[in-house]
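Enquirer:
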Ligand code: TRP
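In the working numbering, the protein residues as written are 81 to 464.
#1: Among residues of its own chain, excluding the 5 on either side of residue 288, which ones have a beta-carbon nearer than 8 Å to its beta-carbon?
#2: Would you say the beta carbon of residue 224 is closer than 7 Å to some non-hydrogen atom of the ligand TRP?
#3: Can you tell me whether residue 102 is buried or exposed? The criterion is at least 16 other CB atoms within 10 Å of its CB, across all chains shown.
#4: Give me, in chain order, the residues of the same chain whose beta-carbon lies closer than 8 Å to that of residue 182; leave out the 5 immediate sequence neighbours on both sides.
#5: Less than 7 Å between the CB of residue 256 and some heavy atom of the ligand TRP, yes or no?
#6: What does DSSP give as the partner residue(s) for residue 442 in the beta ladder?
#7: Can you find the residues in the same chain that come closer than 6 Å, C-beta to C-beta, to residue 398, ignoring five residues on each side of it along the sequence?
#8: Quick check: is any heavy atom of the ligand TRP less than 7 Å from the C-beta of residue 253?
#9: Got a sec, what are the start and stop residues for the beta strand (DSSP E) residue 392 sits in?
#10: Report whether the distance from the Cβ of residue 117 to the nearest heavy atom of the ligand TRP is below 7 Å.
#11: Where DSSP assigns a beta bridge to residue 125, which residues make up the other side?
#12: Would a C-beta distance cut-off of 8 Å place residue 134 and residue 235 closer than the cut-off?
#13: Along the chain, where does the alpha helix (DSSP H) containing residue 141 start, and where does it finish?
#14: Given this structure, state the Cα-to-Cα distance separating residue 197 from residue 86, to the nearest angstrom.
#15: Rounded to the nearest angstrom, what separates residue 214 and residue 200 at their Cα positions?
#16: Mind reading off the beta-carbon distance from residue 257 to residue 91? Whole number of angstroms is fine, and I expect it under 8 Å.
#17: What whole-angstrom Cβ distance do residue 374 and residue 337 have, given they're in contact under 8 Å?
#18: Just to confirm my understanding: we take residue 82, look at its own chain, exclude 5 residues before and 5 after, and list those with CB closer than 7 Å. What are they?
#19: Pop quiz: residue 167 and residue 422 are said to be a contact at Cβ under 8 Å. What is the actual Cβ separation, rounded to whole angstroms?
#20: Rounding to the nearest angstrom, what Cα-Cα distance links residue 322 and residue 390 in this structure?
#21: Check for me: the alpha helix (DSSP H) holding residue 252 runs from which residue to which?
#22: Of all the alpha helix (DSSP H) runs that stay within the bounds of the segment 176-242, which reach a length of 4 or more residues?
#23: So what's residue 434 in DSSP terms, helix, strand or just coil?
#24: If distances are taken between C-alpha atoms only, which option among 144, 106, 320 comes closest to residue 99?
#25: Are the segment 330-346 and the segment 368-386 touching by the rule of at least three beta carbon pairs closer than 8 Å?
#26: I need the DSSP call for residue 82, collapsed to helix, strand or coil.
#27: In three-state terms, what does DSSP make of residue 174?
#28: Which runs of the alpha helix (DSSP H) at least 4 residues long sit entirely within the segment 296-377? Give them in chain order.
#29: Of the choices 117, 84, 152, whose alpha-carbon is the least far from that of residue 409?
#30: Return yes when the C-beta of residue 95 is under 7 Å from any heavy atom of the ligand TRP, and no when it is not.
#31: Check whether the Cβ of residue 236 sits closer than 7 Å to any heavy atom of the ligand TRP, and report yes or no.
#32: Please classify residue 460 as buried or exposed, where buried requires at least 16 other C-beta atoms within 10 Å of its C-beta.
#33: Please classify residue 377: is it buried, with 16 or more other beta-carbons within 10 angstroms of its beta-carbon, or exposed?
#34: Taking the C-alpha atoms as reference points, what is the distance between residue 171 and residue 232?
#35: Excluding sequence positions up to five away, which residues of its chain have a Cβ less than 6 Å from the Cβ of residue 325?
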C-alpha cells in the first residue's frame, strides 16, 4: 500500500543510542520532528531508540548503549519532543521487530545489501572489509551489521509508518524498505505493509551539517561536533576555534563564504532578519554580511561572536529543559516504558497481519488451515 492511500498518517523515526546527539542531528532531524509533532497533521508519532541496531557494531559494549539510551531520551525531551504528543520507545523491547526482521531477511539478497551505499560507507568507516579469513574473524563483516537495513525495514513497517523524517544519509534505507514492502505484499498477495515516504529537511545545509573543522559531516567519530548538552563555555570555545577561511588573514583581506563554517552555520541556524537588528545591526540580513566579508573589512572574531549569539538562542532553551529532566530520570524511564508498551501493541498487530497473510498463523486460523490440509491430502491421494 502506498503511504498516500493510508487513512492514518504515522511517523516513525529514530536514532542509534551510541552517543549524545549533536547539532547535526538537531538540524538534520530533531528540529523537524518537533515541528511535525506540533503541526497536528499526524495521527501518531513514534520515535525509536534503536539499541539493537546500535549493538550491531557495539555488541561487545552493551553498557555504552544502555547509558546512551537515557542520554538520547534526554536529548529528545530537551529539544521539545513532548511525551503527550509523541511516543518514545526502545527497540530491543519490541519483540515483533525481531520476528519481522527474520521474515524480511528472506526477501533481500546479500548482493542487494552489498550495494547499499550507506552500509558501504559505514563498513569502510568501521574497518569491516568483508574479507574475513578463518584465523581472523575480527577482520570480517558481522552478519548482524550487514543486515541492519532489514531490521530497519522491520522498524518502519511494523508501525505502518507513512512518513519517515530522517537525514539524507538514510535515503538508501528507505529505498530498501520500499523494495521489501513491495516484495512482501506481492509474494503474499496482500496489502498489509505500507511503502513509507521519506521526509528530508528542506534546507540543503540542514540536510548534512558539516563539522566544526569543515569536514563533510558533523560526527562523533570525527570529533568535530557541538553537542546539545555542551555547556556555554564549551560552545564558545568550539565556535571561536571553528574553521573559516585560511586565506582571510587580515581583516581587510577579501574572504570566502563558501566552505567557511561560520557562514555555513549561519545559513543553517539563522531564523530571521530580526536577529540582525538585535545582535548585528550594521547589516540588514545575511546577504549584506556575506558581501562585506567577501569584499574585505569584516573580521572572523566578529562573525563568530554573532554566530555564538545565534547558536545560543537555539541551545540555551534546550539546556534549560535538559536540566529539568535530569532531576527526574524516573519520569524519563516511565516515558520510555509507556512509549514501548504502545509500540509492542501496534507492532504485534502488524506481525499478526503479516503471519495471517503468509498463513502461518497456525493457532488463530485452525479451521481453515486444517481444511486446507485436508484438501491437499485428498488431492495427493488422488494423484497416486
Ligand atoms: N539508522 C538510523 C541512524 O543511524 C536509526 C534508525 C533505526 C532509524 N531504525 C530507524 C531511523 C527507523 C528511521 C527509521 O540514525
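Note that beta-carbon positions come from the ideal geometry of N, C-alpha and C, so glycine has one too.
The structure presented is a predicted model; accordingly, all values stated were derived computationally and were not measured.
Expert: According to the structure shown:
#1: 104, 108, 247, 248, 249, 296, 297
#2: no
#3: buried
#4: none
#5: no
#6: Residue 442 pairs with nothing; no bridge assigned.
#7: 158, 159, 308
#8: yes
#9: That residue, residue 392, is in no beta strand (DSSP E); its alpha helix (DSSP H) goes 380-406.
#10: no
#11: 91
#12: no
#13: Neither: residue 141 is in no alpha helix (DSSP H) and is coded neither H nor E.
#14: 29 Å
#15: Per-residue confidence for residue 214 stands at a pLDDT of 49, beneath the threshold of 50, marking its modelled position as unreliable; no derived number is given.
#16: Contact flag wrong, Cβ pair sits at about 14 Å.
#17: 6 Å
#18: 275
#19: 5 Å
#20: 15 Å
#21: 251-267
#22: 190-194, 197-206, 223-226, 228-238
#23: helix
#24: 144
#25: yes
#26: strand
#27: coil
#28: 312-320, 341-349, 354-359, 366-375
#29: 152
#30: yes
#31: yes
#32: exposed
#33: exposed
#34: 10 Å
#35: 335, 336, 340
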